[in-house]
Amino acid sequence: PALSDAGSAEQLTLSWAFQIFGSDELSARSTAIQARMTDAYVGLSPADAERLGIKQGQPVSIDGAATAIACVREQVAAGNCIVYCGEQLNPNDFGSAVAIAKSDSSAGERGITGLIVSDLLEESY
């Protein structure tokens, strides 16, 4: 979907994140890849993360149901979010815009410490 200039206070425009290994059906079944995969995460702009009171690595809810880990990324435009589903989420469960909020639920066992992206806002999580 096209990037929006600004999402509403309630909804962020959704785009999908894919990993080089583990996002497709074949490599996701590999034991070696599974050992290195991260949990599902939501990439947020620094402005949206601050507005929502969300910090790097915190669990967040997507549309009040699914849980993922927040990943604050400088190259995500305000009003948008990027979701990597991992093994936990089904991309067919979401529309083109979603509501993101802090969550008290666990977001998985792996975390995102193995995630390598070039635009993390905070490197020490």
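In this note's numbering, the protein residues as written are 1094 to 1218. We put the beta carbon where it would ideally sit given N, CA and C, even for glycine. Model, not experiment: these values are computed from the prediction.
Where are the beta strand (DSSP E) runs, 3 residues long or more, that stay fully inside the region 1158-1184, in chain order?
1159-1165 and 1173-1177
Practice prompt. Give the C-beta separation of Cys1178 and Ile1193 to the nearest angstrom, bearing in mind that I take them to be a contact with Cβ-Cβ under 8 angstroms.
Written response: Not quite, the Cβ-Cβ distance comes to about 15 angstroms (not below 8 angstroms), so this is no contact.
- Query: What separation, rounded to the nearest whole angstrom, lies between the Cα atoms of Leu1137 and Glu1103?
  - Reply: 14 angstroms
Assign Phe1111 to one of two classes, buried (16 or more other C-beta atoms within 10 Å of its C-beta) or exposed (fewer than that). exposed
- Item | Nearest-angstrom beta carbon gap, Ala1142 and Val1165 [assumed within contact, 8 angstroms] | 5 angstroms
Would you please state the rounded distance, in angstroms, between the beta carbons of Gly1172 and Leu1107? I believe it to be under 8 angstroms.
That belief does not hold up - the Cβ atoms of Gly1172 and Leu1107 are roughly 11 angstroms apart, past 8 angstroms.
Exercise for the section: Can you have a look at Ala1158 and say buried or exposed, based on whether 16 or more other CB atoms are within 10 angstroms of its CB? Expected result: Counting every other CB atom within 10 Å of its CB across the protein chains shown gives Ala1158 a total below 16, marking it as exposed.
Apart from the five residues just before and just after Ser1199, which ones in its own chain have a Cβ nearer than 6 angstroms to its Cβ? Contacts found: none.
Output needed for Ala1140: all residues of its chain with C-beta closer than 6 angstroms, excluding positions within five of it in sequence on either side, in chain order.
Ala1171
Enclosing beta strand (DSSP E) for Ala1110 [first to last residue] | From DSSP, Ala1110 is part of no beta strand (DSSP E); its letter is neither H nor E.
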